[in-house]
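*Asks:*
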Amino acid sequence: MTLLLIASFKQAFADEMELLFGDTHLHTAYSFDAFLNDNQSAYPDTAYRWARGLPVIHPYTRTRVQINTPLDFLVVSDHAEYLGVITELAKDPDQLTDLGFFGNLIRDIQIQFALFLIEIGRAEDVFNNALPEPASGDGHDLVIDPNGAIASVPYGDVTNIKAKVWADIVKSAEEHYIPGKFSSFVGWEWTSTPTGANLHRVIISPDGAEKALQYLPYGSDISQYPRDLWTWLDSTSKKFDTRFISIPHNSNLSKGYMFDQTTLEGEPFDRDYAEQRIKWEPIVEVTQVKGDSESLPDTPGDEFSDFETYQYYLQAYATKYVPRQGDYIRPALKLGLEINEAIGVNPYKFGLIGSTDSHTSLASAEEKNFWGKYSNDSTPEIKDQDIIGDANNTGWSMSAGGLAGVWAKENTRDEIYAAFKRKEVYATTGPRIGVQVFAGWDLSDITYKNFQDLGYKLGVPMGGDLSSISKNSGPSFAIKVVKDPIGANLDRVQIVKGWIDRDGKSREKIYDVAWSDDRDFDSFGQLEPVGNTVDLTTGMHENTIGETDFFTIWQDPDFNRDEPSFYYIRALEIPTARHSLLDALALESDDNKMKPYTIQERAYTSPIWYNP
Amino acid sequence: MKAWILKVIREPIIQFVFIGSLLLCVDVLRNPDDYRVSNNEIIVTDAALTNFMQQRAKIFNSEEAIEVYKQLTVDQKDKLKNDFFHQEALYREALSNNFDKNDPIIKRRLVQKVDYLSQGFYDEVPVIQQEELDRYFQSYKENYRRPALITFTHVFLKSSGNNASYSKAELLLDELNKNKVPFEQSGLFGERFLYNRNYVNREMSEIESHFGDNFKNVIFSYDIPSSIEPSWLGPIESKFGWHLVLVTKVSKAYIPDFEMIESDIRSDLYRERQFSVKMEKLNQIKSKFNLVDKTSNYD
Numbered sequence: 002m003t004l005l006l007i008a009s010f011k012q013a014f015a016d017e018m019e020l021l022f023g024d025t026h027l028h029t030a031y032s033f034d035a036f037l038n039d040n041q042s043a044y045p046d047t048a049y050r051w052a053r054g055l056p057v058i059h060p061y062t063r064t065r066v067q068i069n070t071p072l073d074f075l076v077v078s079d080h081a082e083y084l085g086v087i088t089e090l091a092k093d094p095d096q097l098t099d100l101g102f103f104g105n106l107i108r109d110i111q112i113q114f115a116l117f118l119i120e121i122g123r124a125e126d127v128f129n130n131a132l133p134e135p136a137s138g139d140g141h142d143l144v145i146d147p148n149g150a151i152a153s154v155p156y157g158d159v160t161n162i163k164a165k166v167w168a169d170i171v172k173s174a175e176e177h178y179i180p181g182k183f184s185s186f187v188g189w190e191w192t193s194t195p196t197g198a199n200l201h202r203v204i205i206s207p208d209g210a211e212k213a214l215q216y217l218p219y220g221s222d223i224s225q226y227p228r229d230l231w232t233w234l235d236s237t238s239k240k241f242d243t244r245f246i247s248i249p250h251n252s253n254l255s256k257g258y259m260f261d262q263t264t265l266e267g268e269p270f271d272r273d274y275a276e277q278r279i280k281w282e283p284i285v286e287v288t289q290v291k292g293d294s295e296s297l298p299d300t301p302g303d304e305f306s307d308f309e310t311y312q313y314y315l316q317a318y319a320t321k322y323v324p325r326q327g328d329y330i331r332p333a334l335k336l337g338l339e340i341n342e343a344i345g346v347n348p349y350k351f352g353l354i355g356s357t358d359s360h361t362s363l364a365s366a367e368e369k370n371f372w373g374k375y376s377n378d379s380t381p382e383i384k385d386q387d388i389i390g391d392a393n394n395t396g397w398s399m400s401a402g403g404l405a406g407v408w409a410k411e412n413t414r415d416e417i418y419a420a421f422k423r424k425e426v427y428a429t430t431g432p433r434i435g436v437q438v439f440a441g442w443d444l445s446d447i448t449y450k451n452f453q454d455l456g457y458k459l460g461v462p463m464g465g466d467l468s469s470i471s472k473n474s475g476p477s478f479a480i481k482v483v484k485d486p487i488g489a490n491l492d493r494v495q496i497v498k499g500w501i502d503r504d505g506k507s508r509e510k511i512y513d514v515a516w517s518d519d520r521d522f523d524s525f526g527q528l529e530p531v532g533n534t535v536d537l538t539t540g541m542h543e544n545t546i547g548e549t550d551f552f553t554i555w556q557d558p559d560f561n562r563d564e565p566s567f568y569y570i571r572a573l574e575i576p577t578a579r580h581s582l583l584d585a586l587a588l589e590s591d592d593n594k595m596k597p598y599t600i601q602e603r604a605y606t607s608p609i610w611y612n613p
Numbered sequence: 007m008k009a010w011i012l013k014v015i016r017e018p019i020i021q022f023v024f025i026g027s028l029l030l031c032v033d034v035l036r037n038p039d040d041y042r043v044s045n046n047e048i049i050v051t052d053a054a055l056t057n058f059m060q061q062r063a064k065i066f067n068s069e070e071a072i073e074v075y076k077q078l079t080v081d082q083k084d085k086l087k088n089d090f091f092h093q094e095a096l097y098r099e100a101l102s103n104n105f106d107k108n109d110p111i112i113k114r115r116l117v118q119k120v121d122y123l124s125q126g127f128y129d130e131v132p133v134i135q136q137e138e139l140d141r142y143f144q145s146y147k148e149n150y151r152r153p154a155l156i157t158f159t160h161v162f163l164k165s166s167g168n169n170a171s172y173s174k175a176e177l178l179l180d181e182l183n184k185n186k187v188p189f190e191q192s193g194l195f196g197e198r199f200l201y202n203r204n205y206v207n208r209e210m211s212e213i214e215s216h217f218g219d220n221f222k223n224v225i226f227s228y229d230i231p232s233s234i235e236p237s238w239l240g241p242i243e244s245k246f247g248w249h250l251v252l253v254t255k256v257s258k259a260y261i262p263d264f265e266m267i268e269s270d271i272r273s274d275l276y277r278e279r280q281f282s283v284k285m286e287k288l289n290q291i292k293s294k295f296n297l298v299d300k301t302s303n304y305d
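Chains as they are written, first to last, in our numbering: chain A, 2 to 613; chain B, 7 to 305.
As structure tokens, this is what we get:
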């Protein structure tokens, strides 16, 4: 039944381009934090088997688990910092190099203590000890703050262990690559978190073992500055004739630093910095288990902001969450237009994807089949505890999402990588909502049937550029949105527009462009809510409201040909049960910590830019 | 009474000390709590707790912090008190054990504090004169260079490894020019390209990363024909095949006029001045010390 539904879903878009769903951000037992939080047995092989739809053993509960709808691609992206070292030492501490009598003694005491904690089930204490403390200084550059250094681990040279682990990661990716059916990528995470400001990036390469085995992943233990990472990507790609992209994530936890107005060092953007950034970072992961980074939680005029807001920094202890402009992608896209005006390059001209950042080896983005952030918050009874440091959060603070939607000619590493680079990709918060959009100056011939064929001929897809034209009427957008074949109906489709007005100020506006159930606008100009069919006693919803799909052509009524702008689509589902409601029902409990109980899942496309 | 005693009593300084001591005694008797000095007592006040909370939560606005503090529940306040007590007790213990000495993190923090307080604050930086701005701009012109940018669309034909695809491209080029195909209709021709079709105001490194070095060099060297009608150019070879391009804008790299970027120059010079003020202060501090070099490379 599921396969039939998916076939008809693909038919809705049928044409030369295929819609693929995958996860570019997944950790296995080789990540130190995954291992220390009770994923001590699921390696990359398990991750790929799960993603391809095979039953696997859960690393904590030891039950058989299986994804409902398999993924089309997966990147195993373990932390480069001490890649697999703790995992390997727990198996065999004799793999270390000689540090001399005192060096060995200190190291052995540390390792024995860590192994003891792991043995008695307190492995997370080892992880929590390594978390950074908030800045104690006043400077802009967090790396040179007294608390900015990463926790040192006196293990000596661990290159041999890292190389062994990296070889296993690469081997699994090669074994599971089935061109045309399933694409597995090599990758890793660069985990720079000076004083708890999240600057993390996932690095992906579409090349295979022949190239990947010539280098070792670059971690933030080498440098915590993004510019140093890009320099390494540049030199390594030239040296070994290989390709990379870097995908920032969890900007929501960056304390304003991810999309800042200056470099991390506090210098104004220069051309070189902006060019390097946009060359290596064409896309951003906007939604994942640790929250959504689309718009500031209190964005005026946006009733759908404050969605899955995650308020817990990656720190040893909790401090108040303060959302900042540099934490969210919508203000960043606007800032990019402003910087472009000032220096001629837009460092924030990025597309959008979602991914899970799951640390269980199971890329689970489904509310009904969500296996937690870590293995130690994977079952309902163990979710009511601090997750990541002394954070005052719980397993229900986590969001069951997201996924990366990719428009590609075929399911191969090369095609998916090219789609990332041309930004013909989008984010969903979990469900496989199908979204395609074309922008152009005259799209009136496009119909539901010839949508893709004419769309590519008359317009540009998501991630593209519109150039100026000698007329004043606004660009048109041909949009098709189809519900997840096994999911909920759709509430509405919106276009989010950002632009620089004639006074040089950046602005934003949200347009409802298609909606279900013949609803009206209220006196404030807001479309009436779609309603909520979720039965809080069963967790089930009814598709009696909403629409299965939308097709519309919308023209910008407020267009000014002198104003640089961007447009992206936001498509919303009707409310459905959040994973926390299902846990509440299972536990027969009603605790505020589990709320909200319902969620309006959504998709965000990469923007289309208009440049005068 | 002996004469020397009378003489001492008549001394104004002695009288002053005596009266002062008397007043102190009276105050100590009236307000004994204020004078109770004990290393074992940690006094907690609303102000101390609010300050503690501010440091923890990084709430910089004091009024806001007081409001937050007032709204805390009894449990929350108790927790805050416990945390405060915990920190203070451990801190005092650390001090009494001299743990603040020879600790690299404390050393770095203290150094950072001096460094921060030495920065050139607004009123310390000399006012910038117009001619200084001009001089600065002349010296650092290259820093303000704007990148070369290009706007084009293209029609792509896959390379078939022989001359056929080149000939096909040439024929199509004629057709595009004959029919005066505009920018926005380029999608009606050619084959699907791996990356984008339109490139608007893109700079060299991005074009190179999509098309390769040869294509980038050729396209950035084009002089756009001045005709109003579309003028398709090519075929240009890339690592993927042949491209017919319609270039609508090439802006060479350039240094903007002074007036255009005056405010940027001003803020850059200001930052430089601020840095000089700071270096001067740090040098003053350092001049109080002498470096006694006893290194010998362990010889």
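We treat Cβ as the ideally placed atom computed from N, Cα and C, and that holds for glycine.
Predicted, not measured: the structure shown is a model, and the values here were computed from it.
Chain B beta carbons: is any one of them nearer than 7 Å to that of residue 301 (chain A)?
*Replies:* As a first step, residue 301 (chain A) must be located in the first sequence, where it is residue number 300. No, because no Cβ of chain B sits closer than 7 Å to the Cβ of residue 301 (chain A).
*Asks:* Kindly indicate the opening and closing residues of the alpha helix (DSSP H) around residue 181 (chain B).
*Replies:* Reading the second sequence from its first residue, position 175 is the one you call residue 181 (chain B). Counting along the chain, the alpha helix (DSSP H) containing residue 181 (chain B) begins and ends at 169-184.
*Asks:* Among B:207, B:188 and B:251, whose alpha-carbon lies nearest the alpha-carbon of residue 225 (chain B)?
*Replies:* Taking the second sequence and counting its residues from 1, the one referred to as residue 225 (chain B) is at position 219. Among B:207, B:188 and B:251, the Cα nearest to that of residue 225 (chain B) is on B:251.
*Asks:* Return the chain-ordered list of same chain residues with a C-beta closer than 6 Å to the C-beta of residue 192 (chain A), the five sequence neighbours on each side being excluded.
*Replies:* Against the first sequence, residue 192 (chain A) aligns to sequence position 191. Once the five neighbours on either side are set aside, the close Cβ partners of residue 192 (chain A) are 80, 82, 201 and 221.
*Asks:* According to DSSP, simplified to helix, strand and coil, what is residue 406 (chain A)?
*Replies:* What you label residue 406 (chain A) is simply residue 405 of the first sequence in a count that begins at 1. DSSP places residue 406 (chain A) in strand when its eight states are reduced to three.
*Asks:* Please list, in chain order, the residues of the region 103-118 of chain B that have any C-beta partner in chain A closer than 7 Å.
*Replies:* Those would be 111, 114, 115 and 118, in chain order.
*Asks:* Should residue 486 (chain A) be labelled buried (16 or more other beta-carbon atoms within 10 Å of its own) or exposed?
*Replies:* Here the question's residue 486 (chain A) lines up with position 485 in the first sequence. That one is buried.
*Asks:* Closer than 8 Å by beta-carbon distance: list the chain A residues that pair up with residue 56 (chain B), in chain order.
*Replies:* Taking the second sequence and counting its residues from 1, one reaches residue 56 (chain B) at position 50. In chain order: nothing, as chain A lies at least about 14 Å away.
*Asks:* Any idea if residue 59 (chain B) is buried or exposed, counting beta-carbon neighbours within 10 angstroms, 16 or more meaning buried?
*Replies:* In the second sequence, counting from the first residue as 1, residue 59 (chain B) sits at position 53. The residue in question, residue 59 (chain B), is buried, as its Cβ has 16 or more Cβ neighbours within 10 Å.
*Asks:* Terminal residues of the continuous alpha helix (DSSP H) containing residue 209 (chain B)?
*Replies:* Here residue 209 (chain B) is taken as the residue at index 203 of the second sequence, counted from 1. That residue, residue 209 (chain B), is in no alpha helix (DSSP H); its beta strand (DSSP E) goes 204-209.
*Asks:* Using only CA atoms, which one of A:469, A:484, A:470 and A:462 lies nearest to residue 478 (chain A)?
*Replies:* Within the first sequence, numbered from 1, the residue matching residue 478 (chain A) stands at position 477. When only C-alpha atoms are compared, the closest one is A:462.
*Asks:* At the 7 Å Cβ level, is residue 423 (chain A) part of the contact set with chain B, yes or no?
*Replies:* Position 422 of the first sequence, counted from the first residue, corresponds to residue 423 (chain A). For residue 423 (chain A), the answer is yes, since a Cβ of chain B falls inside 7 Å of its Cβ.
*Asks:* Decide if the region 573-588 of chain A is in contact with the region 407-427 of chain A; the criterion is three or more beta carbon pairs, one per stretch, under 8 Å apart.
*Replies:* Short answer: they don't touch.
*Asks:* Across which residues does DSSP place residue 579 (chain A) in a beta bridge pair?
*Replies:* In the first sequence, the residue the question calls residue 579 (chain A) occupies position 578. In the DSSP output, where bridge partners are listed per residue, residue 579 (chain A) has none listed.
*Asks:* Along the alpha helix (DSSP H) that carries residue 51 (chain A), what are the first and last residues, could you check?
*Replies:* In the first sequence, the residue the question calls residue 51 (chain A) occupies position 50. Unbroken alpha helix (DSSP H) run through residue 51 (chain A): 45-52.
*Asks:* For the pair the region 547-563 of chain A and the region 494-503 of chain A, tell me if three or more CB-CB distances fall below 8 Å.
*Replies:* With the cut-off at 8 Å, the region 547-563 of chain A and the region 494-503 of chain A touch.
*Asks:* Taking all protein chains shown into account, decide if residue 1 (chain A) is buried (16 or more other Cβ within 10 angstroms of its Cβ) or exposed.
*Replies:* Residue coverage of chain A in this structure runs from 2 to 613, which leaves residue 1 (chain A) outside it and unanswerable.
*Asks:* Residue 493 (chain A) lies in the beta strand (DSSP E); which residues open and close that run?
*Replies:* Within the first sequence, the letter at position 492 stands for residue 493 (chain A). Looking at the DSSP string, the run of the beta strand (DSSP E) that includes residue 493 (chain A) is 491-501.
*Asks:* Decide if residue 388 (chain A) is buried, meaning its Cβ has at least 16 other Cβ atoms within 10 Å, or exposed.
*Replies:* Looking up residue 388 (chain A) in the first sequence gives position 387. Buried.
*Asks:* Leaving out the 5 sequence neighbours to the left and right, which residues in its chain are closer than 7 Å to residue 272 (chain B) when beta-carbon positions are compared?
*Replies:* Translated into the one-based positions of the second sequence, residue 272 (chain B) becomes position 266. For residue 272 (chain B), where only same-chain residues beyond five positions count, the Cβ hits under 7 Å are 134 and 139.
*Asks:* Tell me whether the beta-carbon of residue 131 (chain A) lies closer than 7 Å to the beta-carbon of residue 148 (chain A).
*Replies:* Along the first sequence, one-based indexing puts residue 131 (chain A) at 130. Along the first sequence, one-based indexing puts residue 148 (chain A) at 147. Contact flag unset, no.
*Asks:* Can the beta-carbon of residue 350 (chain A) be found less than 7 Å from the beta-carbon of residue 507 (chain A)?
*Replies:* Locating residue 350 (chain A) in the first sequence gives position 349, where the first residue counts as 1. Locating residue 507 (chain A) in the first sequence gives position 506, where the first residue counts as 1. Result no, Cβ atoms of residue 350 (chain A) and residue 507 (chain A) do not sit closer than 7 Å.
*Asks:* Are any of the Cβ atoms in chain B nearer than 7 Å to that of residue 442 (chain A)?
*Replies:* Within the first sequence, the letter at position 441 stands for residue 442 (chain A). Answer yes: the Cβ-Cβ gap between residue 442 (chain A) and chain B drops below 7 Å somewhere.
*Asks:* Can you give me the start and stop residues for the beta strand (DSSP E) that residue 341 (chain A) sits inside?
*Replies:* Counting from one through the first sequence, the residue named residue 341 (chain A) turns up at place 340. That residue, residue 341 (chain A), is in no beta strand (DSSP E); its alpha helix (DSSP H) goes 330-344.
*Asks:* Consider the Cβ of residue 200 (chain B): report whether some Cβ of chain A lies at a distance smaller than 7 Å.
*Replies:* Here residue 200 (chain B) corresponds to residue number 194 of the second sequence, with the count starting at 1. It does; some Cβ of chain A falls within 7 Å.
*Asks:* Tell me which residues share the same chain as residue 555 (chain A) and place their Cβ nearer than 6 Å to its Cβ, disregarding the 5 neighbours each side in the sequence.
*Replies:* As a first step, residue 555 (chain A) is located in the first sequence; it is residue number 554 there, counting from the start. The residues are 478 and 514.
*Asks:* Report, in whole angstroms, the separation of the C-beta atoms of residue 327 (chain A) and residue 259 (chain A), which I expect to be a contact under 8 Å.
*Replies:* As a working mapping, residue 327 (chain A) is identified with position 326 in the first sequence. As a working mapping, residue 259 (chain A) is identified with position 258 in the first sequence. About 6 Å; that satisfies the 8 Å criterion.
*Asks:* Any C-beta of chain B within less than 8 Å: which residues of the region 449-463 of chain A qualify?
*Replies:* Hits within the stretch, in order: 457, 458, 459, 460 and 461.
*Asks:* Can you tell me the Cβ-Cβ gap for residue 431 (chain A) and residue 404 (chain A), rounded? I've got them flagged as a contact below 8 Å.
*Replies:* The sequence position of residue 431 (chain A) within the first sequence is 430, counting from 1. The sequence position of residue 404 (chain A) within the first sequence is 403, counting from 1. So it is a contact: roughly 6 Å between Cβ atoms.
*Asks:* Report the partner residues of residue 271 (chain B) according to the DSSP bridge assignment.
*Replies:* Translated into the one-based positions of the second sequence, residue 271 (chain B) becomes position 265. DSSP lists no partner for residue 271 (chain B).
*Asks:* Going by beta carbon distance, what residues of the same chain come within less than 6 Å of residue 293 (chain A), once the five residues before and after it are set aside?
*Replies:* Here residue 293 (chain A) refers to the residue found at position 292 when the first sequence is read from its first residue. Excluding positions up to five away in sequence, the list reads 308 and 309.
*Asks:* Assuming contact is defined by CB atoms lying nearer than 7 Å, are residue 698 (chain A) and residue 578 (chain A) in contact in what I supplied?
*Replies:* No statement about residue 698 (chain A) is possible, as the shown extent of chain A runs from 2 to 613 and does not include it.
*Asks:* At what residues does the alpha helix (DSSP H) containing residue 214 (chain A) begin and finish?
*Replies:* Counting from one through the first sequence, the residue named residue 214 (chain A) turns up at place 213. Run containing residue 214 (chain A): none; DSSP gives neither H nor E here.
*Asks:* Looking at C-alpha atoms only, which residue of B:13, B:269, B:88 and B:33 is the closest neighbour of residue 49 (chain B)?
*Replies:* The sequence position of residue 49 (chain B) within the second sequence is 43, counting from 1. Minimum Cα distance to residue 49 (chain B) is reached at B:88.
*Asks:* Could you list which residues in chain E have their beta carbon closer than 7 Å to that of residue 612 (chain A), in chain order?
*Replies:* No chain E is part of this structure, whose protein chains are labelled A and B.
*Asks:* Listing by chain order, which chain A residues have their CB less than 9 Å from the CB of residue 79 (chain B)?
*Replies:* Position 73 of the second sequence, counted from the start, is the residue given in the question as residue 79 (chain B). Within chain A, no residue comes near residue 79 (chain B); the closest Cβ sits about 15 Å away, beyond 9 Å.
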